[in-house]
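Student:
In the working numbering, the protein residues as written are 1 to 131.
1. Is the beta carbon of residue 9 closer than 9 Å to that of residue 124?
2. Could you tell me the alpha carbon to alpha carbon distance between residue 13 and residue 84, rounded to whole angstroms?
3. Taking DSSP's pairing of strands, which residues face residue 105 in a bridge?
4. What does DSSP give as the partner residue(s) for residue 46 in the beta ladder?
5. Which class does residue 121 belong to by DSSP, given the choice of helix, strand or coil?
6. Does residue 128 come out as helix, strand or coil in the three-state DSSP assignment?
7. Under 8 Å: do the segment 100-110 and the segment 41-57 share three or more Cβ pairs, one atom per stretch?
8. Could you check whether the Cβ of residue 107 sits closer than 9 Å to any Cβ belonging to chain B?
9. Name, in chain order, the residues that DSSP records as bridge partners for residue 59.
10. What did DSSP end up calling residue 5 once you bin it into helix, strand or coil?
11. So for residue 87, helix, strand or coil by DSSP?
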């Protein structure tokens, strides 16, 4: 059904790591967060977590080559993206309060290894397909 996620609350976190070795080390943090999410997330009600996933892949020097059916050169850095979709703002707000300790661990680790982080939070989904 189209637009089933319209109006739901989204947060994304994009982490850029200096190399694959550091990315492998960060998987322990990601696995810990996964377990935390399983334990702390609501499956029903206004605090419901609808979707959660983490992806990982190379950073590319440019992206225009994809338009020509070619694969661009890699930078050597690794990009990890976390996506969480909540039923309501209250669900995401609750998660931020619950995850304070995990977030501090991630920030400390990124500072230590020279990683970067961008967080976009409390966004409203405006369109979705095939939910």
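For every residue, glycine included, the Cβ atom is placed at its ideal position computed from N, Cα and C.
Note that this is a predicted model, so its numbers are computed, not measured.
Tutor: Considering the structure as presented:
1. A contact, by the Cβ cut-off of 9 Å.
2. 9 Å
3. Looking at the DSSP assignment, residue 105 forms no beta bridge with any residue, so it has no partner.
4. Partner(s): none; residue 46 has no beta bridge.
5. The answer is strand: DSSP assigns residue 121 an E or B state.
6. It is coil, neither helix nor strand.
7. Result no; under three Cβ-Cβ pairs closer than 8 Å.
8. Looking at the structure shown, chain B is missing, and only one protein chain is on hand.
9. The partner list for residue 59 (beta bridge, DSSP) is empty, contrary to what the question assumes.
10. coil
11. coil
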